[in-house]
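Residue numbers (the numbering used here): 330 to 694. Cβ atoms here follow ideal geometry from the backbone N, Cα and C, with glycine treated the same way.
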């Protein structure tokens, strides 16, 4: 068993190093919290955003095109994929134009955004960008066999819905709790791996939005960003949480730096949300999860568990390495002891300098 654990940690550390980015709360409680106010949210959405038949048709076309290019059972041709991508880009542009701009600065304007979402499609502003998942989801045949991406989510929850969030951040009220989740079928689908970024979102003022646009111009980035709406937020994320198993009971670690991103919402309805990276201009299409989608809420059980800190993990691995040296010198298990000692020390070193999969140069993760 120890050998399998060491192998698993070694593979994980190689992935991480080479890639260099509370009170308990039950799922039922958050589901009730989320769904009880669903009717009020829909009424508010209709009142503030309005109903647009043309936009609804465009949104449906957008979802259909996304489903077709992601259909693993009937893989479309390259030509059809390109055609669908052009259709998706056109639909996104038209939906953004159709979006009624929110004029008030009341924090209730963020209510329509609350929900559980799948990341359905990403339209990058620059070739080679990978804004969803950072280094964890970089395309590589070998690593994708070991870490096969299962699903990606970006949830926006009511303030402190997880019980470990903040009500105020940098002297500003938190308007929502953002939770990014990537789930993998790891080690040739032998175990579930979850990578979670939990953060608190604060609204940014008109002046701050203008400053962001000026910074983008100075750094020659975000050329597709014409403006930032008052639905723009700054999401301040905790260090990544890395967990093995559906609930993290096989291992729950917090490794890497804290990060922050700017994200605008350029379109919202009852089915989809379109987000725009505030520094890159990358577009994200998020589809609302169904109420019965339990997998979308599995992250709650993981966040309930207290994570092991980097120092404890490294200390434990170094202790295991010392045991390997002892077994080699005292007990005569020369080969086994040396292998255990070398592997655990390498894993400890990799974890000690790991970024947790966060990419330093990524503006919108």
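Judged by beta-carbon spacing, residue 524 lies beyond the 9 Å limit of residue 493, meaning their Cβ atoms are not closer than that value. Residue range 562 to 566 is occupied by the beta strand (DSSP E) that includes residue 563. Residue 635 counts as exposed, since fewer than 16 other C-beta atoms from the protein chains shown sit within 10 angstroms of its C-beta. When DSSP reads this structure, residue 447 sits in a beta bridge with 482, 616. Within the region 536 to 603, the complete beta strand (DSSP E) segments of 3 residues or longer fall at 562 to 566, 570 to 573, 580 to 583, 588 to 597, listed in chain order. In this structure, the alpha-carbon of residue 442 lies about 11 Å from that of residue 436. Residue environment analysis places residue 660 among the exposed positions, since fewer than 16 neighbouring C-beta atoms fall within 10 angstroms of its C-beta. DSSP places residue 396 inside the alpha helix (DSSP H), whose first and last residues are 382 to 398. Using a 10 angstroms sphere on the CB of residue 607, the tally of other CB atoms reaches 16 or more, which defines it as buried. For residue 418, the enclosing alpha helix (DSSP H) starts and ends at 407 to 427. In this structure, residue 445 lies near residue 482, with their beta-carbon atoms less than 9 Å apart.
Under the criterion of beta carbons closer than 8 Å, residue 602 and residue 611 do not qualify as touching, at roughly 14 Å.
If you check the CB distance, residue 427 and residue 384 come in under 9 Å. When the Cα atoms are used, residue 527 and residue 497 turn out to be separated by approximately 15 Å.
Distance from the CA atom of residue 389 to the CA atom of residue 452, rounded to whole angstroms, is 18 Å. Under the three-state reduction of DSSP output, residue 673 falls in the helix class. Looking at 503, 501, 510, the one whose alpha-carbon comes closest to that of residue 632 is 510.
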